[in-house]
Amino acid sequence: MITYIIRRTLYMLPLLILVSLISFALIQIMPGDYLTRASMNPQITQETLNQMKARYGLDKPFIVQYWLWFKQIITKGDFGTSFETMRPVYWTLFMGDRLMWTLIIASTTMLLTWLIAIPLGIYSATHQYKPSDHTLTFFGFLGLSIPNFFFALVVLWVLVAIFKVGNYGLGVGGLFDNRFIGASWSLAKLGNLLWHIWPAWLVIGTSGMAGLLRYMRGSLLDTLSLQYVQTARAKGLPEHAVIYKHAVRNAINPLVSMLGMSLPGLVSGSLVTAIVLNLPTVERAFWSALQMQDQYVIMGGLLFFSLFLLIGNLLADILLAWVDPRIRYG
Amino acid sequence: MKKLVLVMAALLVVFSASAIVMAQGYDAQPADAKIIPLGEEGTAYENQEPGVQGGTMYVAAISDPKKWNYVTSHETSTTQYCFLMLRGLVDSNPVTSALEPELAKSWDISEDNLVITFHLREGLKWSDGEPFTADDVVFSFNDLYYNEDVETDTRDILVLPDDTYPVVAKVDDYTVTVTLSMIFRPILSSIGAPILPKHALAQYVHKLNPDVPVGTFNSSWGLDTDPAELVGMGPFMVESYAPDQHVTLVRNPYYYHYDAQGTQLPYFDKYVVLTVASQDVSLLKFRNGELDALGIRATDVPILKREEAVKNMTVLVDPDVANYGTSWIGINQDIGLAEGTYENLRALYRTRDFRAAMSNLVDKQAMIDTLYNGLAVPQWSPVSYLSPFYAGRDYYGGPVTETDAVVFEYSLDKAAALLDGIGIIDRDGDGWRDYEDGTRVEMELNTNAGNTVREGVSLIVADRASKIGLKLNFVPVDFNTLVNKLFASTGEMIVLGLTGGNEPNSGANVYSSGGGLHFWHYSAADEPNELEKKIDGLLDAAVGTLDNDEAFEIYKEYQITLANDDLGLVYTVNPAFTYAFSNKVGNANISSPVATPSGNNGLTMDLCFFK
Numbered sequence: 289m290i291t292y293i294i295r296r297t298l299y300m301l302p303l304l305i306l307v308s309l310i311s312f313a314l315i316q317i318m319p320g321d322y323l324t325r326a327s328m329n330p331q332i333t334q335e336t337l338n339q340m341k342a343r344y345g346l347d348k349p350f351i352v353q354y355w356l357w358f359k360q361i362i363t364k365g366d367f368g369t370s371f372e373t374m375r376p377v378y379w380t381l382f383m384g385d386r387l388m389w390t391l392i393i394a395s396t397t398m399l400l401t402w403l404i405a406i407p408l409g410i411y412s413a414t415h416q417y418k419p420s421d422h423t424l425t426f427f428g429f430l431g432l433s434i435p436n437f438f439f440a441l442v443v444l445w446v447l448v449a450i451f452k453v454g455n456y457g458l459g460v461g462g463l464f465d466n467r468f469i470g471a472s473w474s475l476a477k478l479g480n481l482l483w484h485i486w487p488a489w490l491v492i493g494t495s496g497m498a499g500l501l502r503y504m505r506g507s508l509l510d511t512l513s514l515q516y517v518q519t520a521r522a523k524g525l526p527e528h529a530v531i532y533k534h535a536v537r538n539a540i541n542p543l544v545s546m547l548g549m550s551l552p553g554l555v556s557g558s559l560v561t562a563i564v565l566n567l568p569t570v571e572r573a574f575w576s577a578l579q580m581q582d583q584y585v586i587m588g589g590l591l592f593f594s595l596f597l598l599i600g601n602l603l604a605d606i607l608l609a610w611v612d613p614r615i616r617y618g
Numbered sequence: 021m022k023k024l025v026l027v028m029a030a031l032l033v034v035f036s037a038s039a040i041v042m043a044q045g046y047d048a049q050p051a052d053a054k055i056i057p058l059g060e061e062g063t064a065y066e067n068q069e070p071g072v073q074g075g076t077m078y079v080a081a082i083s084d085p086k087k088w089n090y091v092t093s094h095e096t097s098t099t100q101y102c103f104l105m106l107r108g109l110v111d112s113n114p115v116t117s118a119l120e121p122e123l124a125k126s127w128d129i130s131e132d133n134l135v136i137t138f139h140l141r142e143g144l145k146w147s148d149g150e151p152f153t154a155d156d157v158v159f160s161f162n163d164l165y166y167n168e169d170v171e172t173d174t175r176d177i178l179v180l181p182d183d184t185y186p187v188v189a190k191v192d193d194y195t196v197t198v199t200l201s202m203i204f205r206p207i208l209s210s211i212g213a214p215i216l217p218k219h220a221l222a223q224y225v226h227k228l229n230p231d232v233p234v235g236t237f238n239s240s241w242g243l244d245t246d247p248a249e250l251v252g253m254g255p256f257m258v259e260s261y262a263p264d265q266h267v268t269l270v271r272n273p274y275y276y277h278y279d280a281q282g283t284q285l286p287y288f289d290k291y292v293v294l295t296v297a298s299q300d301v302s303l304l305k306f307r308n309g310e311l312d313a314l315g316i317r318a319t320d321v322p323i324l325k326r327e328e329a330v331k332n333m334t335v336l337v338d339p340d341v342a343n344y345g346t347s348w349i350g351i352n353q354d355i356g357l358a359e360g361t362y363e364n365l366r367a368l369y370r371t372r373d374f375r376a377a378m379s380n381l382v383d384k385q386a387m388i389d390t391l392y393n394g395l396a397v398p399q400w401s402p403v404s405y406l407s408p409f410y411a412g413r414d415y416y417g418g419p420v421t422e423t424d425a426v427v428f429e430y431s432l433d434k435a436a437a438l439l440d441g442i443g444i445i446d447r448d449g450d451g452w453r454d455y456e457d458g459t460r461v462e463m464e465l466n467t468n469a470g471n472t473v474r475e476g477v478s479l480i481v482a483d484r485a486s487k488i489g490l491k492l493n494f495v496p497v498d499f500n501t502l503v504n505k506l507f508a509s510t511g512e513m514i515v516l517g518l519t520g521g522n523e524p525n526s527g528a529n530v531y532s533s534g535g536g537l538h539f540w541h542y543s544a545a546d547e548p549n550e551l552e553k554k555i556d557g558l559l560d561a562a563v564g565t566l567d568n569d570e571a572f573e574i575y576k577e578y579q580i581t582l583a584n585d586d587l588g589l590v591y592t593v594n595p596a597f598t599y600a601f602s603n604k605v606g607n608a609n610i611s612s613p614v615a616t617p618s619g620n621n622g623l624t625m626d627l628c629f630f631k
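If you read the protein sequences in the order shown, they are chains A and B. For any residue, its number in this note's numbering is found by taking its place in the first sequence, counting from 1, and adding 288. For any residue, its number in this note's numbering is found by taking its place in the second sequence, counting from 1, and adding 20.
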């Protein structure tokens with residue numbers, strides 16, 4: 289197992305280098321560069337633009353730019369500097385508490401989604417084709433099909449225009465109400481944070497619920513039709529023991545690998561919701577770099593997300609071996 | 021003993037109270053303080069009122085600042101904070117736009133108009149309590165703006181037409197001279213660039229501190245700098261910043277502006293700018309009472325107007341006042357020149373009457389009604405509406421008496437007649453107009469995809485053109501692709517806009533024949549036509565006089581020549597200046613997008629207060 293993990297980890301390096309080369313090429317193919325916007329400012333002269341181009345190294349050919357960037361990483365561990373903030377790439381992406389907030393928001397959302405979707409999936413499978421099964425499926429797919437940005441905006445609009453939460457001194461969007469900005473941590477501030485985060489749970493959670501619910505339902509139905517379940521029933525085990533002790537434990541296997549693969553979703557994948565609900569997340573910094581063509585921040589972000597994806601996949605495989613003794617890696 | 025304790029306690033209370041007063045910074049008023057005569061008859065501020073200190077104002081901004089360093093900044097999400105923290109020698113009055121003293125209390129101009137002597141206000145302090153002197157002024161220009169190691173676009177504003185810079189020299193602690201190699205009127209306002217603190221920043225400049233590497237200054241005062249290290253002369257200083265959340269500013273205890281009652285400005289203790297990336301959400305937050313003022317879109321006005329009475333707020337819209345900037349259709353007279361292609365189209369684009377016909381096809385009223393809910397102003401001039409040099413104010417401001425505005429009314433008949441006149445007629449009866457050789461006139465109209473207003477403008481123009489048999493194909497493209505088309509001179513017709521300001525000379529890079537943004541006729545750099553020579557001459561003449569009235573007359577001719585004869589750009593419409601504010605905010609009626617230090621809502625933040 290240990291050698292397997294080491295081998296998988298070593299495989300990641302060439303993959304990451306390939307990813308970086310392809311991403312760098314893609315950025316170069318995009319029309320224009322970081323200075324394109326500045327070139328439309330009537331007050332900036334061509335000489336200044338040329339000076340800036342040289343200073344940022346944008347006048348060099350693509351492969352030279354890539355090599356210089358790559359050499360910096362190998363020799364100094366320096367992933368480059370953001371053109372916009374003149375700060376290191378990873379500082380620009382993670383500054384403040386962006387990474388922390390991203391992980392908090394995403395992991396709580398994921399936890400809640402799983403806690404709700406798994407029991408509902410079991411319920412759905414054990415009540416197959418009954419009205420309650422159809423109802424659950426209907427709402428699951430409703431949540432999946434409403435676009436997140438729209439749903440988030442509707443939630444805020446309902447709070448403001450229908451419930452008029454402003455009259456009770458409650459704000460919408462962001463992490464805290466105005467009065468808690470700069471205040472030290474207290475129970476009231478924590479409560480206020482929860483008030484601002486539940487729309488994110490609702491919006492991101494409902495979009496992930498349907499898939500999980502249907503997976504659980506399908507997987508459990510498969511298991512329930514197997515002979516050993518029949519045997520368990522035939523020997524007179526109570527129904528709850530048949531389902532929870534025998535069927536669910538086996539049915540949950542495919543979901544465990546899903547859990548590992550949803551790891552990259554922790555740091556990317558809720559961009560639109562974060563924008564509408566005004567949450568400070570890493571992908572917002574990445575998004576703004578994309579808009580400005582701040583190329584080294586884009587590269588840094590892409591590498592970071594790819595690394596998360598690779599680690600997620602590895603974890604999924606390890607987890608699977610751990611929960612299912614039948615799986616062995618050599 | 022008890023008595024002693026009591027006395028000590030009393031003394032302690034008095035001391036701590038005065039310590040609090042000191043900490044809050046009600047510093048003694050310096051003799052040279054700048055007095056803002058709020059509410060006094062006969063002054064620019066007669067419609068405002070003196071306020072009271074205290075309170076926190078909340079507004080929203082669409083994106084985060086990128087740094088705190090004004091010198092190296094390129095965009096407004098950063099400069100909006102720099103303008104609150106820093107002041108220049110002179111600035112525009114927020115109500116009248118007239119130039120007035122700021123850090124300088126007065127200035128003299130020598131007989132030959134080449135030496136400007138600035139007399140600085142004495143006894144002013146930076147926000148950290150250090151004295152402000154001529155050294156800071158000399159440092160800002162000679163060691164920052166003119167320093168080749170420093171990345172700044174302010175240098176491009178300060179350069180004179182003969183490629184020299186105004187020489188800034190210290191005479192004594194409170195006198196500075198600015199010597200010019202030639203008369204250049206716009207320098208009077210551009211010399212008002214923010215002044216930076218020498219005592220705080222000299223350490224980052226390689227020239228003054230060889231211990232640091234070249235270029236260190238370019239990354240100084242970044243977002244990771246402790247806000248306590250930021251020093252300024254403006255009304256507010258940054259206190260804290262949370263990415264994607266907020267920037268909190270706190271009053272500068274040493275700010276030198278006072279109202280006539282002797283109250284130090286700004287009135288607010290704090291000013292908080294929330295980062296709200298979506299304009300729909302900032303509108304909701306304003307309606308929810310979380311924001312005290314909001315810059316709004318024309319499409320938001322109906323919603324807010326309905327709630328005006330209930331929500332105790334005011335929506336300020338003047339449908340006759342356009343914001344800064346220009347919006348236009350660029351017609352590329354050099355299309356295919358380098359490749360020797362597009363012969364017919366190039367000849368057509370170079371015909372003045374064709375461009376005039378295009379001007380007649382711009383249905384400005386339809387654009388104003390459908391794209392801006394009626395809240396936009398037809399544009400005809402290259403000079404921004406709010407500039408004192410704008411030649412058409414009489415026309416749009418009131419009844420037309422003597423019109424200086426060149427107005428191409430929307431008229432399909434006139435456009436058709438102009439096209440008929442230059443031989444662009446339907447020759448094969450298919451409903452589309454053809455060149456003399458019988459090929460159909462077919463053109464591509466581009467704008468940047470995603471900008472719904474520009475897409476709307478393009479669609480309206482293409483639709484009206486089709487009504488008189490002129491085939492315009494609208495193709496939206498990515499913004500950077502569009503810019504590349506402009507610079508490579510490969511676009512046919514492009515709908516776009518540019519920023520503008522008070523001084524028409526800021527457009528010299530666009531309208532002069534050799535300008536870097538003269539994208540509709542780049543070949544003019546080598547061989548300008550008669551009109552372009554005339555425009556170059558007018559631009560030079562307007563900056564060669566210090567007399568504003570004379571400059572106004574020159575710019576008037578410049579505007580009429582460009583709009584009526586040259587027609588390099590066909591103008592469309594410009595959005596009106598709109599914003600909304602809570603009724604508890606006093607002096608919010610200075611609706612000037614000019615004013616620095618202005619918030620992003622056009623409110624002059626140092627004058628606003630809570631009633």
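No residue lacks a Cβ here, since even glycine has one placed at the ideal position from N, Cα and C.
Whether residue i touches residue j by CB criterion (8 Å)
i: A81 of chain B; j: Q100 of chain B; result: yes
i: L649 of chain B; j: S532 of chain B; result: Shown here, chain B extends from 21 to 631; a query on residue 649 of chain B therefore has no answer.
i: M300 of chain A; j: L501 of chain A; result: no
i: F437 of chain A; j: V570 of chain A; result: no
i: Y410 of chain B; j: G521 of chain B; result: no
i: F103 of chain B; j: V196 of chain B; result: no
Whole-number beta carbon distance between residue j and residue i, since they are thought to touch under 8 Å
i: P319 of chain A; j: L537 of chain B; result: Not confirmed; about 18 Å, so no contact.
i: V503 of chain B; j: T324 of chain A; result: 5 Å
i: N603 of chain B; j: N332 of chain B; result: 5 Å
i: L566 of chain B; j: R205 of chain B; result: 5 Å
i: V530 of chain B; j: S478 of chain B; result: Rounded, the Cβ-Cβ distance is 21 Å, inconsistent with contact.
i: K190 of chain B; j: D155 of chain B; result: 7 Å
Distance between residue j and residue i (C-alpha atoms, nearest Å)
i: P302 of chain A; j: F592 of chain A; result: 15 Å
i: G470 of chain A; j: D84 of chain B; result: 17 Å
i: I207 of chain B; j: L119 of chain B; result: 12 Å
i: Q518 of chain A; j: H422 of chain A; result: 25 Å
i: V461 of chain B; j: D450 of chain B; result: 12 Å
i: S459 of chain A; j: F306 of chain B; result: Here residue 459 of chain A is Gly; the residue named in the question, Ser, does not match the sequence. Straight-line Cα distance between these residues: approximately 10 Å.
i: G235 of chain B; j: Q223 of chain B; result: 12 Å
i: E61 of chain B; j: E69 of chain B; result: 11 Å
i: P286 of chain B; j: T76 of chain B; result: 11 Å
i: V232 of chain B; j: A220 of chain B; result: 15 Å
Listed by chain order, chain B residues near residue i by CB distance under 8 Å
i: R572 of chain A; result: D264, A297
i: T373 of chain A; result: K86, K87, G242, L243
i: G548 of chain A; result: Within chain B, no residue comes near G548 of chain A; the closest Cβ sits about 29 Å away, beyond 8 Å.
Short CB-CB distance (under 8 Å) between residue i and chain D
i: R386 of chain A; result: The structure shown has no chain D; the protein chains it does contain are A and B.
Partners in chain A for residue i, counting only beta-carbon separations shorter than 7 Å
i: Y78 of chain B; result: N466
i: I177 of chain B; result: Q331
Proximal chain A residues relative to residue i, where beta-carbon distance stays under 9 Å
i: D300 of chain B; result: L441, L444, W445, V564
i: V503 of chain B; result: P319, G320, T324, R325, S327, M328
Beta-carbon neighbours of residue i, restricted to chain A and to distances below 8 Å
i: R307 of chain B; result: V448, A449, G454
| said: So if I threshold CB-CB distances at 8 Å, which residues from the segment 524-535 of chain A count as touching chain B? | reply: none
| message | Using a Cβ-Cβ cutoff of 9 Å, what residues of the segment 448-461 of chain A are near chain B? List them in chain order. | response | V448, A449, K452, V453, G454, N455, G457, L458, G459, V460, G461
| said: Against chain A, which members of the segment 161-173 of chain B pass a CB distance test of less than 7 Å? | reply: E171, D173
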